[in-house]
Each structure stands twice: as structure tokens, then as C-alpha cells.
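If you read the protein sequences in the order shown, they are chains R and C.
Taking the UniProt record's numbering, the leading residue of the first sequence gets 1, the next gets one more, and so forth.
Taking the UniProt record's numbering, the leading residue of the second sequence gets 1, the next gets one more, and so forth.
First the structure, in the form of C-alpha cells, and then the observations on it.
Protein chains: 2
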Amino acid sequence: MRLATVTLPTGGTAAVRIDGPAAASGTAIPDVADVGALLDRPDWRAVAAAADGPTAPLDDLGRLIPRPGKVACVGLNYRAHIEEMGRPLPDHPTLFAKFADALIGPQDDIEIPSTAAEAVDWECELVVVVGATLRGADRAEAAAAIAGYTVMNDISMRDWQFRTREWLQGKTFGNTTPVGPVLVTADEWQPGPNISTEIDGELVQQASTGDLVFDPADLVAYLSQIVTLRPGDLIATGTPGGVGHARKPPRYLAPGMTVRTTIDGIGSLQNTCVAVDGRGRRAGTP
Amino acid sequence: MRLATVTLPTGGTAAVRIDGPAAASGTAIPDVADVGALLDRPDWRAVAAAADGPTAPLDDLGRLIPRPGKVACVGLNYRAHIEEMGRPLPDHPTLFAKFADALIGPQDDIEIPSTAAEAVDWECELVVVVGATLRGADRAEAAAAIAGYTVMNDISMRDWQFRTREWLQGKTFGNTTPVGPVLVTADEWQPGPNISTEIDGELVQQASTGDLVFDPADLVAYLSQIVTLRPGDLIATGTPGGVGHARKPPRYLAPGMTVRTTIDGIGSLQNTCVAVDGRGRRAGTP
Numbered sequence: 001m002r003l004a005t006v007t008l009p010t011g012g013t014a015a016v017r018i019d020g021p022a023a024a025s026g027t028a029i030p031d032v033a034d035v036g037a038l039l040d041r042p043d044w045r046a047v048a049a050a051a052d053g054p055t056a057p058l059d060d061l062g063r064l065i066p067r068p069g070k071v072a073c074v075g076l077n078y079r080a081h082i083e084e085m086g087r088p089l090p091d092h093p094t095l096f097a098k099f100a101d102a103l104i105g106p107q108d109d110i111e112i113p114s115t116a117a118e119a120v121d122w123e124c125e126l127v128v129v130v131g132a133t134l135r136g137a138d139r140a141e142a143a144a145a146i147a148g149y150t151v152m153n154d155i156s157m158r159d160w161q162f163r164t165r166e167w168l169q170g171k172t173f174g175n176t177t178p179v180g181p182v183l184v185t186a187d188e189w190q191p192g193p194n195i196s197t198e199i200d201g202e203l204v205q206q207a208s209t210g211d212l213v214f215d216p217a218d219l220v221a222y223l224s225q226i227v228t229l230r231p232g233d234l235i236a237t238g239t240p241g242g243v244g245h246a247r248k249p250p251r252y253l254a255p256g257m258t259v260r261t262t263i264d265g266i267g268s269l270q271n272t273c274v275a276v277d278g279r280g281r282r283a284g285t286p
Numbered sequence: 001m002r003l004a005t006v007t008l009p010t011g012g013t014a015a016v017r018i019d020g021p022a023a024a025s026g027t028a029i030p031d032v033a034d035v036g037a038l039l040d041r042p043d044w045r046a047v048a049a050a051a052d053g054p055t056a057p058l059d060d061l062g063r064l065i066p067r068p069g070k071v072a073c074v075g076l077n078y079r080a081h082i083e084e085m086g087r088p089l090p091d092h093p094t095l096f097a098k099f100a101d102a103l104i105g106p107q108d109d110i111e112i113p114s115t116a117a118e119a120v121d122w123e124c125e126l127v128v129v130v131g132a133t134l135r136g137a138d139r140a141e142a143a144a145a146i147a148g149y150t151v152m153n154d155i156s157m158r159d160w161q162f163r164t165r166e167w168l169q170g171k172t173f174g175n176t177t178p179v180g181p182v183l184v185t186a187d188e189w190q191p192g193p194n195i196s197t198e199i200d201g202e203l204v205q206q207a208s209t210g211d212l213v214f215d216p217a218d219l220v221a222y223l224s225q226i227v228t229l230r231p232g233d234l235i236a237t238g239t240p241g242g243v244g245h246a247r248k249p250p251r252y253l254a255p256g257m258t259v260r261t262t263i264d265g266i267g268s269l270q271n272t273c274v275a276v277d278g279r280g281r282r283a284g285t286p
């Protein structure tokens, strides 16, 4: 099953089921405003499968899960990238958080404040979407609790990220981090297909999602040892090589550029960078 | 004004106004379940001041703000403690996050999983509670957006915290981190009074909350450069010297111990450590 949140002509949103990767429209799931609200229902799979609401076009996608309770992100997790840097494979995943206010929809603009515009970097990532409540799960329980997969561009302000030893401040700028475009349920997609990033059409990252050191079930099980996971929680599984900060010379995003992050079989995020002032306002707004 | 969340005999909760630090009961704020829900109302100060609901005893306090949108925490921030370690004062605050599922009420038990029981440490902290929505604030705007202050014991699993370079995983174990007991509004309390921790009655941390390198207005302004702050967001301002991990030999918490963390003029958290298994279950529960 493929699920998305669409923006309605009335201004609201609706969760939809999309029947097949090539479909141009979805079937609305009655009385469910977004995929986050859908996952809050223990019977979400049956509700989505049975939905027979009006047809909704997919040209204006909203935020898949507008307010996830947790956004957990993983640091270095692509084997080839760790090995090419000459580092040993890690024993434990490196985990950090984003606040939900960092997230935007799959087609929204990436807001770059004038105060943090010097070193804006891209990181395409596979995201695990949690579909049940669990604590202390083993690998099999963890795998069964995965609702499905989506894509994130973990936009990172490298200058702020490395001001101190904790990365949070460079990782959680408001309205920077697209998630989507759809959730593909775990019965229809498994890690292995390609993940890639293009900037204004130029390929800058490409890898296999099968190259993860800690795979989705590992990460869900590990996090569930720490804290109760809940439906709609997001786990971004790390980015492969090819980010701008590691290039010589480094290369960064700037207002006007468009970034496309794709995972084959899930879909693409496409986002244009726009300048905002220190209060998050675009030029010309009061 | 002093505000708290009380547990009602019916099992629900209510936000209350407490008239004076010695009061044994509060005045219920009608139709407001907790202080988080109160702060969501732009007119929260007037609503709380005018409330004239039934009297509610204060002997069973609930979670002050059950689901804050953000829990931002600051690393090293006490001047004397940084200087005694021979480190330079930092240019920027070190920031990390907790997930809301880590939080417990002011009198709740601290749950120590068998899988993370080796190095459980205490950290008493002053918490800034945000009372308005703001982005890109200057110091004066930041100060005006502070609803008030409360206390946190930022319980830290040091072994997990230092497994990788990012601290999150040691800082966000479920049901470990008490917050409360009350919110004292910013017009009635300012940093300066003592902060202290006692373990089974023995004093282990004591400092002045006036010794912060980055004070509450600095921290609100700094975070608001990164992301929009919202009512009920919590900013834990760091802990002074005296934590267990830095002692020689190190000293940690264990099931059965009771920790009391106090800020003069705000109040005390008092929490007993209990053992849980890897699924967060206490001995004897199915």
C-alpha cells in the first residue's frame, strides 16, 4: 500500500491510499486528515485498505506526518562511505534528534535564514515510519512494528552543527527538512533500491539502501531499548557519501537551487531553497 | 503566580493556580487539564489569574506539561564548574534534545532498565518554560516570551551517553526525567537562588542559578534563531558540578535510592529509582 497526505482545494488535508506507483490520484480515507492521524488508529492497515472515499489528485502533497512524536536520526550508517573514510564500522548507531518544527512537505521550499546560509548541506535518507507502540523489541518484533518507508532530506547547517560537539543545532532549523512524498508499507518495499540526490539536475549522491550498517529492524529494536516508540515516530537511517561538506572544495546549497532526493520504489522530494531573514520571513513579507 | 497540574480523585488532571509557596491546595482552572494546555491559550495569564474553580489538594501532582513540543537541553553552562575543570567558557551553548517520552511527573519513580543500570547519573537543572510563539527574538523579546521556571532532574545513562559522540541515547530513556513540581511565572522568580541535589538526604550538588554562562533570555533568543519556539517548549539550562560520573571513584544511582532536586523559590522533585526490565516492566508485572 502507498499512503500520502494531500492538500484539498478547501485548504484542509486528507490521507489517501494510492493504488500503484504510477497513479495520478489517490482514494481519500474518510475522516482522516493525514497519514500521522491514520497511524494513530490500531486498525490503520484495514482502514486504509477498505477506504473508498472520493478521488483526490496527487499534485499538491501535504506533510505526510505533520507532528511526529519523535524524529530520531542516525549518523554514519552506510558501509561503503564509512570504509572509504578509513573508519571502523561502529558498534552502536550514533543518534540525534530533530524537532518536528524542522519538517516540511515533499514539495515545500527549504528556508535558509540569512544567519545560517554559509554551509547548507544535503543528506538524502531512507526513513523508517513506526506503525505500533513498542518497547524492548527484538528484531522480529521490531520488523513487525515498521509501518513502512519514506524519504527525508536531512538538511544540515554545517557551521552551526559543528559549533559545539552536539549536532542538534545544525540539524533542526525551522522549515528545512522535507519528508515524503509517500509512505510505502513494509510489505511492498524493502531496503536495497537506489537512493540519490540531484542538485539542479546534477547527480551528487547515489548509493544502495541495502548498504546500511544498522538496518531498519536493528534501529527500531535499538531505539526501543531506550524509549517507547509510537505510531508515526520517524527514524532517519543516515546518508551515504557525496554530501557537500566533505567535498574538496566544499559545496553548499544556496537560495534558488532545487534539490531532488529520490529512493527508487518510494518516490522523490523536490524542494527549492529560498532565503528568509532571521525571523523566518521571506523577502517582501512584513 | 505558581501553576501546577494535579491528579484528580477521578483519575483525570487539572491545571491549578497556587496562591503562595506555602499553600497546601490550589484553585482549579476550569476546563484546563494541565499547565501545557493552559499555555496553549494566548490569554493564559488572565485565565489563570481569574480562575475561581474548586480547591484541589497538592499532594498528588501530575506532569506539569505532559507533551512539550520541544525539550531542548544545554550542556556545560555553570561558570564555576567550567572554570574548575580548566576549560574556556564556550562561545555557543551546547544543545541536545530529549523526547517527551522521557519525562515523568515531580513525584514519579525513575525507571532504570536492567539494560542500562550501570551508570545512572543525576543532573539538577533550572528549566525555562516558553510562554509564546517566537522566532528570531532579541534578548528583550526572548525575556518577554518566558512563561516561567521549573526544575528538571536530567537523568543520564552515562554508558549509553558516551557510546557515540552524540549524547541523545543516554539522555532520553523512557520515564526517567522528572519535571516540576510547579511553574513559577517570570514576574515572581529570577535566576540567582540555590539549586541542589540530595541522594537519600546527602547533599551532592549545590550552586547558584545566577552562575549560568548563557542565561534564560540568551538561550531563548539563541534557540529562536534556529527554530520557532512555542508555548510549553522546555529549555533545560544545564547542571552545576557534583554529578556522579565526574567523581573519583564515580558514583551512580541504583534502584531504591531517592533523589531530591530543589531550586529555592520554585520547589523540589522527589523521585525514587525503581528497576524495570528491558521492556520497561517492573518486577511482578506481566
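Every residue gets a Cβ at the ideal spot worked out from N, C-alpha and C, and that includes glycine.
On a predicted model such as this, the values are computed, not experimentally measured, just so you know.
Distance between residue j and residue i (C-alpha atoms, nearest Å)
i, j, result
"A221 of chain R", "G53 of chain R", "36 Å"
"T27 of chain R", "A48 of chain R", "9 Å"
"S156 of chain C", "D121 of chain C", "5 Å"
"A263 of chain C", "I65 of chain C", "According to the sequence as given, residue 263 of chain C is Ile; it is not Ala. Whole-angstrom Cα-Cα distance: 18 Å."
"P42 of chain R", "R165 of chain R", "39 Å"
"G105 of chain C", "G62 of chain C", "5 Å"
"M152 of chain R", "L269 of chain R", "8 Å"
"P93 of chain C", "I235 of chain C", "12 Å"
"G241 of chain C", "P178 of chain C", "19 Å"
"K98 of chain C", "F214 of chain R", "22 Å"
"Q206 of chain C", "D211 of chain R", "49 Å"
"T261 of chain R", "R2 of chain R", "18 Å"
"S208 of chain R", "K171 of chain R", "24 Å"
"R281 of chain C", "A186 of chain R", "29 Å"
"V6 of chain R", "R67 of chain C", "27 Å"
"N77 of chain C", "I226 of chain C", "19 Å"
"Q107 of chain R", "N271 of chain R", "5 Å"
"G20 of chain C", "E188 of chain C", "11 Å"
"G201 of chain C", "E141 of chain R", "42 Å"
"L89 of chain R", "G12 of chain R", "46 Å"
"E123 of chain R", "L253 of chain R", "11 Å"
Neighbouring residues, chain R, relative to residue i (Cβ below 9 Å)
i, result
"P255 of chain C", "Chain R residues near P255 of chain C: none, gap ~17 Å exceeds 9 Å."
"G75 of chain C", "T164, R165, E166"
Any non-hydrogen atom of the ligand GTP closer than 8 Å to residue i Cβ
i, result
"V184 of chain R", "In the structure shown, the ligand GTP is absent, as is every other ligand, since no ligand is present at all."
Residue j beta carbon less than 9 Å from that of residue i
i, j, result
"F96 of chain R", "L103 of chain C", "no"
"V130 of chain R", "L39 of chain R", "yes"
"I195 of chain R", "L126 of chain R", "yes"
"I18 of chain C", "A33 of chain C", "no"
"P250 of chain R", "A143 of chain R", "no"
"S114 of chain C", "G278 of chain C", "yes"
"G238 of chain C", "V74 of chain C", "yes"
"A145 of chain R", "L203 of chain R", "no"
"E111 of chain R", "V276 of chain R", "yes"
"N175 of chain R", "D101 of chain R", "yes"
"Y149 of chain R", "I29 of chain R", "no"
"S224 of chain C", "L134 of chain C", "yes"
"R158 of chain R", "H81 of chain R", "no"
"V259 of chain R", "T197 of chain R", "yes"
"P216 of chain C", "P181 of chain C", "no"
"P255 of chain C", "A50 of chain C", "no"
"A37 of chain C", "A56 of chain C", "no"
"W44 of chain R", "A147 of chain R", "yes"
"R163 of chain R", "D91 of chain C", "yes"
"R139 of chain R", "D31 of chain R", "no"
Per DSSP, cross-strand counterpart(s) of residue i
i, result
"residue 292 of chain C", "Nothing can be reported for residue 292 of chain C, as the shown portion of chain C is limited to 1 through 286."
"T27 of chain R", "R:R17, R:T55"
"P113 of chain C", "C:V276"
"I199 of chain R", "R:E202, R:V259"
"L219 of chain R", "Looking at the DSSP assignment, L219 of chain R forms no beta bridge with any residue, so it has no partner."
"L234 of chain R", "R:V71, R:V129"
"T5 of chain R", "R:A15"
Chain R contact residues for residue i, given Cβ-Cβ distances below 8 Å
i, result
"L95 of chain C", "T164, E166, L168, Q169"
"G86 of chain C", "Chain R residues near G86 of chain C: none, gap ~17 Å exceeds 8 Å."
Contacts of residue i in chain R (Cβ-Cβ under 7 Å)
i, result
"V227 of chain C", "F99, D101, A102, T172, F173, G174"
"R279 of chain C", "R135, G136"
Residues that residue i contacts on chain C, provided the C-beta gap is smaller than 7 Å
i, result
"T115 of chain R", "Q225"
Chain-ordered neighbours of residue i on chain C, where CB pairs are closer than 9 Å
i, result
"H92 of chain R", "W160, R163, T164, Q169"
Residues within the segment 151-173 of chain C neighbouring chain R, beta-carbon criterion of under 8 Å: W160, R163, T164, R165, E166, W167, L168, Q169, T172, F173
Chain C contacts from the segment 239-268 of chain R (Cβ-Cβ distance under 8 Å): Of all residues in the segment 239-268 of chain R, none has a Cβ within less than 8 Å of some Cβ in chain C.
Positions along the segment 35-69 of chain C whose CB lies within less than 9 Å of some CB in chain R: Legend: CB atoms of the segment 35-69 of chain C lying less than 9 Å from CB atoms of chain R belong to residues R67, G69.
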